[in-house]
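Okay, structure first, notes after.
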């Protein structure tokens, strides 16, 4: 469990680093582009972040809340239905695996559905990013470092 939590935290930090080290101003992106939505979501969700955690449970809860906040602000998550697989797939359109992404996201979304919305978002995200989607996120991050 700890290793999976570290992997998820790593991916969240990748998103954070992508948005915080970008040299492209937010205004340069189209209003509806994924990059602009990511920048906006990050800004809104970090405003709501808690003080530093005191133990692993606090850290995990902060990550759960942050992931749900980011996904909600980016239009990828609703509290009623969870992740919108079609919207998530749009982020991976360069790989031309829209159906695969949608299948994985739908599967993980339904497998981990629960009343604790932060935990549902976190566990579904963790499930979906354990395979190829996680590798694509890491690839995207590595490419962004070269820019």
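Numbering (mature numbering (1 follows the signal peptide of the UniProt record, and there is no 0)), first residue to last: -23 to -1, 1 to 124.
Positions of the beta carbon are idealized from the N, C-alpha and C atoms, including for glycine.
In this text, all values refer to a predicted model and were calculated from it rather than measured experimentally.
- Check whether the Cβ atoms of residue 128 and residue 65 lie closer than 9 Å to each other. Here the chain has residues from -23 to 124 only, and residue 128 is not among them.
- Starting from residue 88 and walking both ways along the alpha helix (DSSP H), at which residues does that stretch end? If you number the chain shown from 1, residue 88 lands on position 111. Start and end: 75 to 88.
- Quick one: using the 10 Å Cβ neighbour count with 16 as the cut-off for buried, is residue 119 buried or exposed? Position 142 of the chain shown, counted from the first residue, corresponds to residue 119. Exposed.
- Item | Whole-angstrom distance between residue 115 and residue 68, CA atom to CA atom | If you number the chain shown from 1, residue 68 lands on position 91. If you number the chain shown from 1, residue 115 lands on position 138. When rounded, the distance between both Cα atoms is 13 Å.
- beta-carbon residue 118 near the ligand SAM non-hydrogen atom, thresh 8 Å: Ligands displayed in this structure: none; no statement on the ligand SAM is therefore possible.
- When you compare each of 87, 93, 110 and 50 to residue 22 by their alpha carbons, which one comes out closest? On the chain shown, residue 22 is found 45 positions in, with the first residue counted as 1. It is 50 whose Cα lies nearest to the Cα of residue 22.
- Confirm, please, whether the CB-CB distance from residue 82 to residue 112 is below 9 Å. Residue 112 sits at position 135 when you count from the first residue of the chain shown. Residue 82 sits at position 105 when you count from the first residue of the chain shown. Not a contact, by the Cβ cut-off of 9 Å.
- Message: If distances are taken between C-alpha atoms only, which option among 95, 46, 80 and 91 comes closest to residue 108?
- Response: The count along the chain shown starts at 1 and reaches residue 108 at position 131. The candidate whose alpha carbon is nearest that of residue 108 is 80.
- Query: Using a Cβ-Cβ distance under 9 Å, would residue 96 count as near chain C?
  - Reply: In the structure shown, chain C cannot be found, because there is only a single protein chain.
- Message: One question on the structure: do residue 86 and residue 58 come within less than 9 Å of each other, judged by their Cβ atoms?
- Response: As a first step, residue 86 must be located in the chain shown, where it is residue number 109. As a first step, residue 58 must be located in the chain shown, where it is residue number 81. The answer is yes: Cβ separation under 9 Å.
- Item | Residues sharing a beta bridge with residue 54, DSSP | For this step, residue 54 is matched to residue 77 along the chain shown. DSSP lists 60 as partners of residue 54.
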